[in-house]
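Report on the structure given below.
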Amino acid sequence: MQHRIVVLGAGYTGAIAAGRLARRLYREDVAITLVNAEPDFAERVRMHQLAAGQDLRSLPLSEMFAGTGVELKLAKVTGVDVDRRTVAVVDADGPGEPETEELEYDTLVYALGSGWNDQGVPGAAEHAHQIAGRPGALRLRERLARLDAGESVVVVGGGLTGLEAATEIAEARPDLDVALAARGGLGDWLSPKGRRHLRKVFDKLGITVHEHTAVTGVEADRVTTADGGTIPAAVTLWTTGFAVHPIAEATTLDVTDTGRIVVDGTMRSVSHPDVYAIGDAALAMGPGDKPLRMSCASGTPMAWQAADAIAARLTGGKLPNAPLRYFNQCISLGRREGLIQYVTADDRAVRAALTGRFAAVYKELVCKGAAWGVTNPTLGLPTRRRHVVRQPARAGSPVRTAA
Ligand SMILES: Cc1cc2nc3c(=O)[nH]c(=O)nc-3n(C[C@H](O)[C@H](O)[C@H](O)COP(=O)(O)OP(=O)(O)OC[C@H]3O[C@@H](n4cnc5c(N)ncnc54)[C@H](O)[C@@H]3O)c2cc1C
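Below is the structure:
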């Protein structure tokens, strides 16, 4: 009997993990199933580009995984039972009524990513746009296209997504009145060089910056702020962080109060050893015992670590040690400008930063590289397959390391 590995989510981390597992284990030993709701891989790191009117190439998962030994299942995950080791999925693809199906697993890799986080701010859910995924980015794209010259767009959130979105929109639509509202100072975590450059680009693009401004409400044509003021906003874009889907929280897995699955250094759930979690959905500790932030930058090595740890445990090999650390923050500032802020292993800015057109090209290469790693799931890694070591099931053991 094959060991059944089910990977939930074919985003940056799930797709990488599935491909890497296929490269590490013999097909006759394992059945790897990759479940995703959408038929195409979504390059989330380019959602601000999509919203600003650029067209992204289509990346069908069926083509990416053809011939890899990974079985792709297009279905929406609706629940996980980690005690019975089953996943409930709704197959929305077939004709007629959507059918619910149960997938059984021996090892689960949970990589369902995240969506936007309105943080309960009144009016945000009703009136604000978001670009955490393709549907939201397409809605914003359509709305921006209908705006007349001089109309106002307010980007709420001064983090990486907010900076990228505000500059992308301002560059694509210089006729609009674009503003950014940030709780802190503009790029206040960056080096002095990084901050100077950011301000220069924002000035050049004519973006109004409302610093130290907490947005406390969103209406159809404005946002309200903690100091009692208002900022006109024909369109409000909400970018104040991501929130995970509620599926993990509804299980008996050990999760944080925000619903992220708590994992150890091998990305294995601390409560259920046959469950691994990676990417935005997981809370893993990085250097300095600081939680890794939701990003591809840390999600990619999390995926390597999980896949290699699963393969090692199944085959009796040595446990891996992927570099779960940061090197830089790569920020696009429109298509012609960028900022590469070098950071310490635990993500604190150092003095060095790259700016300007070179940084824009660098960031573009990083995005292309990230997508290449996903779209060529079994390339770029020497094949080092090993056979699964068959272990007799131990009485009372919650883990079947091999079927
Ligand atoms: C605009 C924007 C810019 C960004 N820029 C950067 C950047 O420059 N650098 C960086 O490091 N990070 C960046 N990020 C963050 C990065 O995109 C995420 O951290 C990363 O995508 C997380 O990977 P993941 O695999 O955990 O989740 P995802 O890539 O979101 O993948 C999750 C997958 O699961 C699928 N899924 C979700 N729910 C279900 C369900 N119920 N059933 C079936 N399938 C489901 C989704 O369709 C998706 O394919 C950016 C994000 C955004 C939105």
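Each step along the sequence shown adds one to the number in UniProt numbering, with nothing skipped, and position 402 is 402. The beta carbon of each residue, even a glycine, is placed where N, CA and C say it ideally should be. Computed from a prediction, not measured in an experiment: that's the story for all the values here.
With a threshold of 7 Å on Cβ separation, who are the neighbours of P60 within its own chain once the five nearest residues in sequence on each side are excluded? Answer for P60: P39 and D40, listed in chain order.
Could you have a look at S298 and say whether DSSP puts it in helix, strand or coil? Helix, per DSSP.
Give me the Cβ distance between L237 and I131, rounded to the nearest whole Å; I'm assuming they're in contact under 8 Å. At roughly 7 Å, the Cβ-Cβ gap stays under 8 Å, so L237 and I131 are in contact.
According to DSSP, G115 sits in a beta bridge with which residue or residues? Its beta-bridge partners are A243.
Leaving out five residues on either side along the sequence, give the residues of the same chain with a beta carbon under 7 Å from the beta carbon of A345. Taken in chain order, the residues that qualify are P287, R325 and Y326.
Excluding the 5 residues flanking L112 on each side, which residues of the same chain have their C-beta closer than 6 Å to its C-beta? Excluding positions up to five away in sequence, the list reads L8, G9, H245 and A281.
Any contact between the region 171-186 and the region 113-124? By contact I mean 3 or more CB pairs, one from each, below 8 Å. Result no; under three Cβ-Cβ pairs closer than 8 Å.
Regarding Y12 and ligand 1, is the C-beta to nearest heavy atom distance less than 7 Å? Between ligand 1 and Y12, a heavy atom-to-CB distance of less than 7 Å is present.
S58 in three-state terms, based on DSSP: S58 carries a coil assignment under DSSP once its states are collapsed to helix, strand and coil.
Pull up the distance between the alpha-carbon of R141 and that of L163, whole angstroms please. Their backbone Cα atoms lie some 17 Å apart in a straight line.
Limits of the alpha helix (DSSP H) - the one that G14 falls within: According to the DSSP assignment, G14 belongs to the alpha helix (DSSP H) that extends over Y12 to R24.
Going by the beta-carbon positions, is the gap between S334 and T167 smaller than 8 Å? Going by the sequence as given, residue 334 is Gly instead of Ser. Taking 8 Å as the cut-off, the Cβ atoms of G334 and T167 count as close.
Give me whichever residues DSSP pairs with L138 in a beta bridge. L138 pairs with nothing; no bridge assigned.
Please return the same chain residues whose Cβ sits closer than 7 Å to the Cβ of E219, not counting the five positions on each side in sequence. Excluding residues within five positions, the ones whose Cβ falls inside 7 Å are G123 and H127.
Exposed unless 16 or more other CB atoms sit within 10 angstroms - verdict on L319: Counting Cβ neighbours within 10 Å, L319 comes out exposed, since fewer than 16 surround it.
Considering only their Cβ atoms, is the gap separating K200 from R351 smaller than 8 Å? At a Cβ-Cβ threshold of 8 Å, R351 and K200 do not count as neighbours.
From the DSSP secondary-structure annotation, give me the bridge partner or partners of C330. Beta-bridge analysis with DSSP links C330 to I340.
Contact between the region 295-313 and the region 16-32 (3+ Cβ pairs under 8 Å): Segments in contact, yes.
Around the C-beta of G11, are 16 or more other C-beta atoms found within 10 angstroms, so that it is buried, or is it exposed? In summary, G11 is buried, with 16 or more beta-carbon neighbours lying within 10 Å of its beta-carbon over all protein chains present.
Can you give me the Cβ contacts of A395 inside the same chain, cut-off strictly under 8 Å, excluding the 5 residues immediately before and after it? Low per-residue confidence applies at A395: pLDDT is 38, beneath 50, and the placement is therefore not dependable enough to give any value.
Whole-angstrom Cβ separation of I261 and S269, contact assumed at under 8 Å? Indeed they touch by this definition, with Cβ atoms about 6 Å apart.
Using 10 angstroms around the beta-carbon of N321, count the other beta-carbons present and answer buried if the total reaches 16, otherwise exposed. Flag for N321 reads exposed.
From this set, T225, T100, N36 and P98, which residue's C-alpha is nearest V154's C-alpha? Closest option to V154, Cα to Cα, is T225.
Have a look at A52, E97 and A303 and flag the residue whose alpha-carbon is nearest the alpha-carbon of G136. Of A52, E97 and A303, the residue nearest in Cα terms is A52.
Between K290 and the rest of its own chain, which residues show a CB-CB distance below 6 Å, the 5 nearest in sequence each way excluded? When the five nearest sequence neighbours on each side are left out, the beta carbons in the same chain lying within less than 6 Å of the beta carbon of K290 are those of D346, in order along the chain.
Output the distance between the C-alpha atoms of R222 and V156, rounded to the nearest integer angstrom. So the alpha carbons of these two residues sit roughly 12 Å apart.
Within its chain, find whatever has a CB closer than 6 Å to the CB of A149; leave out the 5 residues flanking it on each side and keep chain order. Result list for A149: D175, in chain order.
Given this structure, state the Cα-to-Cα distance separating V89 from T213, to the nearest angstrom. So the two alpha carbons sit approximately 42 Å from each other.
For L144 versus L50, is the C-beta spacing smaller than 8 Å? In this structure, L50 does not lie closer than 8 Å to L144 by Cβ.
So, K76 versus A37, is the Cβ gap smaller than 8 Å? Taking 8 Å as the Cβ cut-off, K76 and A37 qualify as a contacting pair.
Residues near I340 in its chain [Cβ-Cβ closer than 6 Å; skip 5 each side]: Excluding sequence neighbours, I340 sits near N328, C330, L354, A359 and Y362.
C-beta contact flag for A284 and V263 at 8 Å: V263 sits close to A284, with the two beta carbons spaced by under 8 Å.
Straight-line Cα distance separating V343 from V389: Rounded to whole angstroms, V389 and V343 show a C-alpha spacing of 41 Å.
Rounded to a whole number of angstroms, what is the C-alpha to C-alpha distance between R44 and A303? CA-to-CA, the gap between R44 and A303 works out to about 16 Å.
Excluding the five sequence neighbours on either side, which residues of its own chain have a C-beta within less than 8 Å of the C-beta of E28, listed in chain order? Counting only Cβ-Cβ distances below 8 Å, and skipping sequence neighbours, we find Q2.
Could you check which residue in E63, V87, F65 and I16 has the C-alpha nearest to that of R4? When each option's Cα is compared against that of R4, the closest is V87.
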